[in-house]
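J.:
In our numbering, the protein residues as written are 1 to 55.
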């Protein structure tokens, strides 16, 4: 499995988890939500970096 595909899968999982937490906690400033959001940001940056390098 190539790296970009793995990152894409992780992004999808984190997005689902983030949406679920937002629905459950009903507070976007919850530390757990912030942590997941930051993790998602890191993965998205990595994904776009790889995409840019491929061009």
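We put the beta carbon where it would ideally sit given N, CA and C, even for glycine.
Just reading off the alpha helix (DSSP H) that residue 8 is part of, what are its end residues?
T.: Taken as a continuous stretch (DSSP letters only), the alpha helix (DSSP H) holding residue 8 covers 3-25.
J.: So, with DSSP's three-state summary, where would you put residue 30?
T.: Correct three-state label for residue 30: coil.
J.: Tell me whether the beta-carbon of residue 40 lies closer than 8 Å to the beta-carbon of residue 18.
T.: Against a cut-off of 8 Å, the Cβ pair of residue 18 and residue 40 comes out as a contact.
J.: Under a three-way DSSP split, which group does residue 49 fall into?
T.: Note: residue 49 maps to helix in three-state DSSP.
J.: For residue 51, which residues of its own chain have a beta-carbon under 8 Å away from its beta-carbon, when the five flanking residues on both sides are left out?
T.: Taken in chain order, the residues that qualify are 4.
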